[in-house]
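Engineer:
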Amino acid sequence: MIFKRAVLALAMSVAIGAAMASSVRAGQQQLLFNGKDLAGWETWLWTPLPVSEVAGMERDAKGNYLKALGVNNDPLGVFKVETVDGAPAIHVSGEGFGTLTTLETFSNYRLSVQFKWGEKKFGAANRPRNGGILFHAHGSHGEVGGRWMNAHQYQVEEGGCGDYIGVGAVIADATAKAGEDKRWRYDAAGEIFSFRGNVKEAAKCLRGAGAEVAHGGWNTLEIYCVGDEIVQVLNGTVTARLTKSRKENGEALTGGKIALQIEAAEIYFREITVEPLRAMPEALRVAGK
């Protein structure tokens, strides 16, 4: 059974790759991470964790910091470029909450990112490591909950990688089914449900299938965005397909910035690329129906 699943996953990955190739403008791949530094990105860090020592920052009587570190202010060295497994990678220490956000905005593209977990946790020891990829991000840093931009989120979490989450004033539709726990899970045969970032009970669509590499290995996530359509893929497996991407005011949301999200867990990112798409690959359309 395991062998069959592996063969099916490989076949799906090959099919997606072949279909994608016909949908991309040849020679247009763009490296978002140059392997040397963080050119083209800006850091945003929320209020430091109480366990962190940041000289000159004010705390309250309970030891909590009172202000966010803000844009391009990283005294703790949360974001660094290092050589990992013989190749350049962005090492995120996980000491805090924040994002590494592109200066450029993107629409109609395929985003590909490789990631693997580190060992450190700065949150509860019994909770899974957590992070994410924000895309179609817009507005100001910290506009949502003091931490994030408005955006769609590809959830990067141990045991839940590939979930979709709406962050702030965004909405997207997906076919899904509600379980006994009343949580919605992506299902091509399900009913159409509108996931709303500003409604806690309706912000998250659990992945339809899992395909994570075990801790210590590299995963490849992909996000395909064409017009108001979105498809999320993990290691060749479709985890969610969404349509009618829009802002809360009904305006179509078809592009924005891309951000690597950190949530108190060590993680590494590498091979971050964007390729323009002329159309959604047919294999993804079929897989998502």
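Numbered by mature numbering (1 follows the signal peptide of the UniProt record, and there is no 0), the letters in the sequence shown go through residues -21 to -1, 1 to 268 in order. The beta-carbon is built from N, C-alpha and C at its ideal position, and this holds for glycine as well.
(1) Is the separation between the beta-carbon of L221 and that of L213 shorter than 8 Å?
(2) Residue ranges of each beta strand (DSSP E) run of no fewer than 3 residues wholly in the region 161 to 223, ordered along the chain?
(3) Just reading off the beta strand (DSSP E) that L239 is part of, what are its end residues?
(4) Per DSSP, A66 forms a beta bridge with which residues?
(5) Buried or exposed for H115, going by 16 or more other Cβ atoms inside 10 Å?
(6) Taking all protein chains shown into account, decide if K236 is buried (16 or more other Cβ within 10 angstroms of its Cβ) or exposed.
(7) Mind reading off the beta-carbon distance from I241 to G73? Whole number of angstroms is fine, and I expect it under 8 Å.
(8) Any idea what DSSP makes of A262, helix, strand or coil?
(9) Under the assumption that L28 contacts F94 (Cβ atoms under 8 Å), give the Cβ distance between them as a whole number of angstroms.
(10) Going by the DSSP bridge assignment, what does residue 301 pair with across the sheet?
(11) Strictly by DSSP, which residues pair up with H117?
(12) Roughly how many angstroms separate the alpha carbons of E137 and R108, rounded to a whole number?
(13) Cα separation between V178 and G65?
(14) Give me the Cα-Cα distance between F85 and G234, rounded to the nearest whole angstrom.
(15) Can you tell me whether H70 is buried or exposed? The criterion is at least 16 other CB atoms within 10 Å of its CB, across all chains shown.
(16) For D152, report the span of its beta strand (DSSP E) as first-last.
Structural biologist: The structure says:
(1) Stepping through the sequence shown from its first residue, residue 221 is reached at position 242. Stepping through the sequence shown from its first residue, residue 213 is reached at position 234. Cβ distance not < 8 Å, so L221 and L213 don't count as in contact.
(2) 163 to 165, 170 to 175, 198 to 205, 208 to 213
(3) To locate residue 239, count along the sequence shown from 1; it is residue 260. Counting along the chain, the beta strand (DSSP E) containing L239 begins and ends at 234 to 242.
(4) As a working mapping, residue 66 is identified with position 87 in the sequence shown. Looking at the DSSP assignment, A66 forms a beta bridge with V63.
(5) As a first step, residue 115 must be located in the sequence shown, where it is residue number 136. Burial call: buried.
(6) Your numbering for residue 236 matches position 257 in the sequence shown. With 16 or more Cβ atoms within 10 Å of its Cβ, K236 is classed as buried.
(7) Residue mapping note: residue 241 aligns to position 262 of the sequence shown, counting from 1. Residue mapping note: residue 73 aligns to position 94 of the sequence shown, counting from 1. The Cβ separation is near 6 Å, so the contact holds.
(8) Counting from 1 along the sequence shown, the entry for residue 262 is found at position 283. If DSSP states are grouped into helix, strand and coil, A262 belongs with the helices.
(9) The count along the sequence shown starts at 1 and reaches residue 28 at position 49. The count along the sequence shown starts at 1 and reaches residue 94 at position 115. The Cβ separation is near 22 Å, so there is no contact.
(10) In the structure displayed, the chain extends from -21 to 268; residue 301 sits before or after that span and is not available.
(11) As a working note, residue 117 is residue 138 in the sequence shown. In DSSP, H117 forms a bridge with N129.
(12) Translated into the one-based positions of the sequence shown, residue 137 becomes position 158. Translated into the one-based positions of the sequence shown, residue 108 becomes position 129. One C-alpha to the other measures close to 6 Å.
(13) Translated into the one-based positions of the sequence shown, residue 178 becomes position 199. Translated into the one-based positions of the sequence shown, residue 65 becomes position 86. Computed Cα separation, rounded: 43 Å.
(14) Stepping through the sequence shown from its first residue, residue 85 is reached at position 106. Stepping through the sequence shown from its first residue, residue 234 is reached at position 255. Rounded to whole angstroms, F85 to G234 spans 5 Å at the Cα level.
(15) As a position in the sequence shown, residue 70 is number 91, starting the count at 1. When all chains shown are included, H70 counts as buried.
(16) In the sequence shown, the residue the question calls residue 152 occupies position 173. From DSSP, the beta strand (DSSP E) with D152 extends over 149 to 157.
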